[in-house]
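Trainee: For reference, the structure I am asking about is given below.
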Amino acid sequence: MIGDIHALLSRHLPHYEVRSLAESGRGLDNVVYEVNGELIVRHGRAADPEATRREAELLAVVAELSTLPVPEVVFIDPEAAVIAYAKLPGRSLDRHPVAEPARLAEPLGGFLSALHGAEPGTMLDLAPLDAYPAPTLLHDAELEYLDVAAHVPERHRPLIESFLGAAPPPEPTSPRFCHNDLGAEHLLADPASGELTGVIDWTDAAVTDPAHDFALIYRDLGPEVFERTLFHYDGRLDDAGRARVLFYARCALIEDLAYGLSTGPRHYADAALAHLAHTFA
1 MIGDIHALLS
11 RHLPHYEVRS
21 LAESGRGLDN
31 VVYEVNGELI
41 VRHGRAADPE
51 ATRREAELLA
61 VVAELSTLPV
71 PEVVFIDPEA
81 AVIAYAKLPG
91 RSLDRHPVAE
101 PARLAEPLGG
111 FLSALHGAEP
121 GTMLDLAPLD
131 AYPAPTLLHD
141 AELEYLDVAA
151 HVPERHRPLI
161 ESFLGAAPPP
171 EPTSPRFCHN
181 DLGAEHLLAD
191 PASGELTGVI
201 DWTDAAVTDP
211 AHDFALIYRD
221 LGPEVFERTL
231 FHYDGRLDDA
241 GRARVLFYAR
251 CALIEDLAYG
261 LSTGPRHYAD
271 AALAHLAHTF
281 A
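Numbering (UniProt numbering), first residue to last: 1 to 281.
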């Protein structure tokens, strides 16, 4: 695969000298490579030329909307399912947490205000409508929990099992444009200053329930950062919205735990276990 990336770089950037090229991460849908410490090349596991073109168009629109830096496309190769963009500064919060996470709340609130404020009908030209029903999410979480229950500390199991046995919240009525995977692994920050420096991986962006974006902030950064982010948010999140934030956060934690204990990197499971107490409190 490294050879394929070399060939793509030669084709699209013929005068670009490749001094270093290494895999920097992989997920369910993509393998990511870093070139010369300045270029990110993301290779999709399945070729979908139209999806690659649409994502490049989406990133251009998001760059106009976002109050935080987002990836700037350098080139795309739709047939190879490759998109390359300039590397943003900073490190991901999942592996490099900042000393004062509460300082992240104001920029996150402004970012989500801008994102969720986009006209949904316009964004549907670039991002799909994601209306995955809550009962189905809960059923998926039940099945995943069966596979990982033995890895959950015994004191936490009753809380999880009580959640899985309860009714899901009512469905949302006002979908908005969302990042839709705003976990700590997709938020970059300067380790020294603690300032947010970018938001990456927009492959799951969709017109959906805004509570999805808040849910991963709650799961990964904690309830205090969630509440402070909401204070700086221009939109509205009522009691039903808050209930969905908790619901999505808990389903997402079980999903990451199962992923990290099976086919994914182990640090996903470690993070899920570390966040379990406040997510299910």
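Glycine included, C-beta positions come from ideal geometry on N, C-alpha and C. All figures in this text were calculated on a predicted structure; none of them were measured in a lab.
1. In this structure, does DSSP put residue 2 in helix, strand or coil?
2. What is the DSSP secondary structure of residue 259, reduced to helix, strand or coil?
3. Would you mind stating whether residue 206 and residue 127 have Cβ atoms separated by less than 8 angstroms?
4. Quick check on the DSSP output: what are the complete alpha helix (DSSP H) runs of length 4 or more inside the region 109-181, in order along the chain?
5. Going by DSSP, name the residue or residues bridged to residue 208.
6. Is DSSP giving residue 279 helix, strand or coil here?
7. Go ahead and pull the three-state DSSP assignment for residue 44.
8. Check this for me: beta carbons of residue 35 and residue 8, under 8 angstroms apart or not?
9. In chain order, what are the residue ranges of uninterrupted alpha helix (DSSP H) at least 4 long that sit wholly in the region 54-119?
10. Where does residue 25 sit, in a helix, a strand or coil, going by DSSP?
11. My output table needs one value for residue 227: the three-state DSSP class, helix, strand or coil.
12. Among the candidates 200, 277, 18 and 230, whose CA atom is the shortest distance from the CA of residue 104?
13. Quick check on residue 3: buried or exposed, where buried means 16 or more other Cβ atoms within 10 Å of its Cβ?
14. Would you grab the beta carbon distance between residue 135 and residue 168 for me? Rounded to a whole angstrom, and I think it's under 8 angstroms.
15. Mapping the DSSP letters down to three states, classify residue 203 as helix, strand or coil.
16. For the region 77-85 and the region 32-50, state whether three or more C-beta atom pairs, one from each stretch, are separated by less than 8 angstroms.
Mentor: From the atom records:
1. helix
2. DSSP places residue 259 in helix when its eight states are reduced to three.
3. yes
4. 120-123, 134-148 and 157-165
5. Beta-bridge annotation (DSSP): residue 208 is paired with 176.
6. helix
7. strand
8. no
9. 105-116
10. strand
11. helix
12. 230
13. Taking a 10 Å sphere around the C-beta of residue 3, we find fewer than 16 other C-beta atoms and assign the residue as exposed.
14. 5 angstroms
15. Residue 203 falls in the coil class under three-state DSSP.
16. yes
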